């Protein structure tokens, strides 16, 4: 293993970091674990776009997955950890600026520096990314239309409202816009399940042999 810096905080555990071509990279598994992901490998595959496996950085002979600052932000956005924003502040407001100034992380100094232009840009990027991770107005209309088509109706009625209420109850949200990006990937399946339940509660109509 080659020149991995280690920094640690009690509530998040240990994070290892490397510098390649003067750019900081983080051990993806460490970041994902600190952010509460149960399956760290799956989290990296789903959220990270700039994964690097460098010959100089190995554990037990196996190259480790290193991720960029942008990918750290993506993992933060996808995390359900209540302290995810606090983790973001620790890494980007304290650790990285200190490393850039001194070449190493000095936890005992508790150094908090002003954000550089790069970090400022990244914070703007993460705000935009968070917006994209919610259900958009057009998506909301698509899901609404899908429910109506499945119920064979042209406009919202009692059954439509029952499907929507059941869906929101299952997801623990109050409106479409509260549904996060990860959940939206499986939303059609959840909607279908809700529709199936509501349809099963329809009054059974017994047909007569004399009816045409």
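Numbering (my numbering), first residue to last: 247 to 458.
We treat Cβ as the ideally placed atom computed from N, Cα and C, and that holds for glycine.
All values derive from a computational prediction rather than experimental measurement.
Taking the beta strand (DSSP E) that residue 277 falls in, what are its first and last residues?
Unbroken run through residue 277 is the alpha helix (DSSP H), 274-280; no beta strand (DSSP E).
Where residue 398 falls: helix, strand or coil (DSSP):
coil
Nearest residue (CA-CA) to residue 413, options 398, 400, 429 and 401
429
Check residue 234 in the structure and name its three-state DSSP category.
Given that the chain is displayed from residue 247 to residue 458, the structure contains no residue 234 and the question cannot be resolved.
Any beta carbon from chain C within less than 8 Å of residue 278's own beta carbon?
Absent from the structure is chain C; it holds one protein chain and no more.
Among 327, 266, 445 and 258, which has the Cα closest to the Cα of residue 398?
445
Contacts around residue 326, its chain only, beta-carbon distance under 8 Å, and the 5 residues preceding and following it disregarded
282
Quick check on residue 358: does DSSP put it in helix, strand or coil?
With a pLDDT of 36 at residue 358, under the threshold of 50, the predicted position of this residue should be treated as unreliable, though the coordinate-derived value follows. Residue 358: coil per DSSP, three-state reduction.
In this structure, how does DSSP classify residue 223 when only helix, strand and coil are distinguished?
The question about residue 223 has no answer here: the residues shown for the chain are numbered 247 through 458.
Please report the residue range of the beta strand (DSSP E) in which residue 254 lies.
For residue 254, the enclosing beta strand (DSSP E) starts and ends at 251-255.
Rounded separation between residue 416 and residue 261 - CA only:
35 Å
Three-state secondary structure (DSSP) at residue 330?
Residue 330 falls in the helix class under three-state DSSP.
Please confirm if the stretch 304-313 is in contact with the stretch 322-342, defined as three or more CB-CB distances below 8 Å between the two stretches.
no
Looking at the unbroken alpha helix (DSSP H) that takes in residue 315, where does it start and where does it end?
315-324 is the extent of the alpha helix (DSSP H) around residue 315.
Assign residue 382 to buried or exposed, taking buried as 16 or more other Cβ atoms, counted over all protein chains shown, within 10 Å of its Cβ.
exposed
Under the rule that 16 or more other beta-carbon atoms within 10 Å means buried, what is residue 447, buried or exposed?
exposed
Unbroken beta strand (DSSP E) run spanning residue 311, endpoints:
Unbroken run through residue 311: none, as it is neither H nor E.
For residue 425, which of helix, strand or coil comes out of DSSP?
coil
For residue 269, which of helix, strand or coil comes out of DSSP?
strand
If you compare alpha carbons, which of 303, 294 and 311 is closest to residue 320?
294
I think residue 259 touches residue 313, with their Cβ atoms under 8 Å apart; what is that distance to the nearest whole Å?
The Cβ separation is near 16 Å, so there is no contact.
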